[in-house]
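Numbering-wise (my numbering), the sequence shown opens with residue 12 and increments by one. No residue lacks a Cβ here, since even glycine has one placed at the ideal position from N, Cα and C. Reading through the structure tokens given below for one structure.
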Amino acid sequence: MRERMNQALIIAEEMADRHKISLSLVIEDLQSAERVSLKEDLVHSSASTIKIPLMLAVMEEEGRAFTFSDVIELTDEQAVDFSVVTQIGERRYSVLEYLQWMMLESCNASTNVLIDLVGYDRVNRIFDDLEMKETRLRRKMMDMEARKKGVDNTTSAQDMAILLQKMYKKEYFSASTCSMGLSLMKRCRDKKLLKRFIPQELPFAHKSGGLDEVSHDAGIFFGNNNLLVCAFSTSKKGTRNTLLREQTIGHIGRCLFKERRV
């Protein structure tokens, strides 16, 4: 696996240079602790990868001020376009359903409900406690006015690797939160990034994220080698540049898990 990790790093760096992509990468074998990385401390707009720590904060707080079965009404302010719960058209959902849609389909309206439920401070406390220096939740999903003013959610490949390591080792968070979180992340339906060029089905607990200028994927592949991979990419806006970012990250996954020929 070490050879594949090194090869993936070389390919990723070459493609990023060729396509003028700012790429950050962490690949770690969670059994052997072998690791390779590239610009892992570079700060990126987090896009939907910020939903991983939000998910964990909700799970940790469940049973205190609310339960998973509690029903919350979706407000007009929370109901941003292109979200599953707005497309369904119902106004009331359980906390658990909001949580599931946030992680399965990256539902932004669900995310906004959950931010209101636990609050910014509760999520940001995770980053302070774990010394995730580049990660901060500062705005809700689809708040483009805030982005124009420079208010954005940020993270780095290194910070997200810290979070995933804690989940894998069942540290800091409760064991039940870690198990439930990884199970939910395995159901993420996005295959455009690290799984893009992998034909075989692999258990992958992950969350992707994208904006006009960013494409990210962060998670843990489970198998003979449990492999943590955090790939964060930023470049100019445009349909072609989005495709190049997605393909670059896709080649990282393929290099790591390409089936061996007989």
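Measure how close the beta-carbons of residue i and residue j come, nearest whole angstrom, since I'm counting them as under 8 Å.
i: I32; j: S219; result: About 16 Å separates the two Cβ atoms, so there is no contact after all.
i: V37; j: A172; result: 4 Å
i: A58; j: G261; result: Contact doesn't hold; Cβ gap of about 17 Å is too wide.
i: M26; j: T253; result: M26 to T253, Cβ: 14 Å. No contact.
i: M152; j: V91; result: 6 Å
i: L193; j: A229; result: Rounded, the Cβ-Cβ distance is 13 Å, inconsistent with contact.
i: T78; j: T166; result: Not quite, the Cβ-Cβ distance comes to about 29 Å (not below 8 Å), so this is no contact.
i: V129; j: A68; result: 5 Å
Here's a check: name, in chain order, each residue in its chain whose Cβ is nearer than 8 Å to the Cβ of residue i, leaving out the five neighbours to either side.
i: E116; result: V95, R200
Using C-beta distances below 6 Å, list every residue in its chain close to residue i, excluding the 5 sequence neighbours before and after it, in chain order.
i: S121; result: V96, Y109, W112, M113
i: F233; result: P214
Taking 7 Å as the cut-off, is the C-beta of residue i nearer than that to any heavy atom in the ligand NAP?
i: R200; result: The ligand NAP is not part of the structure shown, which contains no ligands of any sort.
Compare the Cα-Cα distances from residue i to each of the options and report the closest residue.
i: E224; options: R150, G249, T78; result: G249
i: Q176; options: E24, Q42, L20; result: Q42
i: Q169; options: H55, M16, R13; result: H55
i: N164; options: V134, M191, K180, E45; result: V134
i: E270; options: L213, S226, R251; result: L213
i: L65; options: N236, R150, H227; result: R150
i: H227; options: R256, G234, R251; result: R256
i: D52; options: E142, S246, Q211; result: E142
i: S35; options: R29, R46, A44, A23; result: A23
i: I231; options: S246, R198, K247; result: R198
i: M191; options: D28, I63, I21; result: I63
For residue i, collect the residues of the same chain with a Cβ closer than 7 Å to its Cβ; drop the 5 residues on either side in sequence, then sort them by chain order.
i: V124; result: I83, L85, Q89, Y109
i: I209; result: G264, R265, F268
i: R147; result: N135, F138, N164, T165
Bridge partners for residue i per DSSP, in chain order?
i: K218; result: A229
i: E73; result: F77
i: I83; result: Y104
i: S48; result: V37
i: T245; result: S33, V225
i: S56; result: T165
Taking contact to mean 3 or more Cβ pairs, one atom from each stretch, closer than 8 Å, check whether the segment 145–159 and the segment 179–193 are in contact. no
Do the segment 204–218 and the segment 229–242 touch if we need at least three Cβ pairs shorter than 8 Å? yes
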